[in-house]
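Chemist: I have a structure I would like to understand better, so I am pasting it below and will then ask my questions one at a time.
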Amino acid sequence: MSALLENHDPAFIERIRFKSSFEFLSQLNQYLVYIENNYFTGRDLRVGATVVPWAFILGKFKGYHRVPILKRFALVAEDVRNYVRDKVRRKLTGQEKGTIGEAIPRLFKFNQVLDLYRDFYRWIGQPGLLRIDQRQNLEYADVFALIYLRIRLEGLSAYDHVKHLLVDEMQDYTPCSTRCCRGCSLAAKPFSGM
């Protein structure tokens, strides 16, 4: 709020407006589908004398479609290790295991959420909408999107010890918040769930 009050920058306001829209969320979801289908590319993997076919690796990656993308690499690497172990009929050396563990993540175009977030803006043809300062700080409007991407790409840790969670001012974090401030039908309906 203070940034808006101190410096009335129309471009900053437009970035906030876009990043709090349903269109933005829709494009982010489309991007996630796109990267899943296009960013895991490669070739046959050679481990010593054994060749692991690309079709096998890709099949394993796609087979874990319910697992967040960046969490699949360890699972695929384990499947590849088992494949190689079955072919050579012996336990794998530490070097062989390490080669596989390093090779699988490199088959994906990006391995960091922030790199994928940057790429999202290039993908939609709007790289100027992302502003990161020299200390790697993002604008406040990017917080939701980055957390959302992190959840979708890395998953969530279990919080079994948490029994209740109260989110106050949740309307400030949803696309609807911009509409409610302008008097949409939701603003007129009181919550009666308690």
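Under the UniProt record's numbering, read the sequence shown as residues 1 to 194, first letter to last.
In this text, a Cβ means the ideal position worked out from N, Cα and C, and glycines have one as well.
Given the structure is predicted, the values throughout are model-derived calculations rather than measurements.
Do I124 and Y31 count as a contact pair if the criterion is CB distance below 9 Å?
Modeler: Counting from 1 along the sequence shown, the entry for residue 31 is found at position 31. Counting from 1 along the sequence shown, the entry for residue 124 is found at position 124. Going by C-beta atoms, Y31 is nearer than 9 Å to I124.
Chemist: Checking 9 Å against the spacing of the C-beta atoms, do I104 and F73 come in under that value?
Modeler: Taking the first residue of the sequence shown as 1, we reach residue 104 at position 104. Taking the first residue of the sequence shown as 1, we reach residue 73 at position 73. Taking 9 Å as the Cβ cut-off, I104 and F73 qualify as a contacting pair.
Chemist: Report yes if the CB atom of F61 is closer than 9 Å to the CB atom of V84, and no otherwise.
Modeler: On the sequence shown, position 61 is the one that residue 61 refers to. On the sequence shown, position 84 is the one that residue 84 refers to. Contact flag unset, no.
Chemist: Using the Cα positions of R43 and H161, report the straight-line distance between them to the nearest angstrom.
Modeler: Numbered from its first residue, the sequence shown carries residue 43 at position 43. Numbered from its first residue, the sequence shown carries residue 161 at position 161. If I take the Cα positions, the gap works out to 43 Å.
Chemist: Is it the case that the Cβ atoms of R135 and P127 are separated by a distance below 9 Å?
Modeler: Here residue 135 refers to the residue found at position 135 when the sequence shown is read from its first residue. Here residue 127 refers to the residue found at position 127 when the sequence shown is read from its first residue. Not a contact, by the Cβ cut-off of 9 Å.
Chemist: With distances taken from CA atoms, which of F120, I16, L149 and F108 is nearest Y39?
Modeler: On the sequence shown, residue 39 is found 39 positions in, with the first residue counted as 1. Nearest option by C-alpha distance: F108.
Chemist: Taking the alpha-carbon positions, what's the E78 to E154 distance?
Modeler: Residue numbering aside, residue 78 sits at position 78 when the sequence shown is read from its first letter. Residue numbering aside, residue 154 sits at position 154 when the sequence shown is read from its first letter. Taking C-alpha positions only, E78 is separated from E154 by approximately 18 Å.
Chemist: Within 10 angstroms of the Cβ of T99, are there 16 or more other Cβ atoms? Answer buried if so, exposed if not.
Modeler: Looking up residue 99 in the sequence shown gives position 99. With 16 or more Cβ atoms within 10 Å of its Cβ, T99 is classed as buried.
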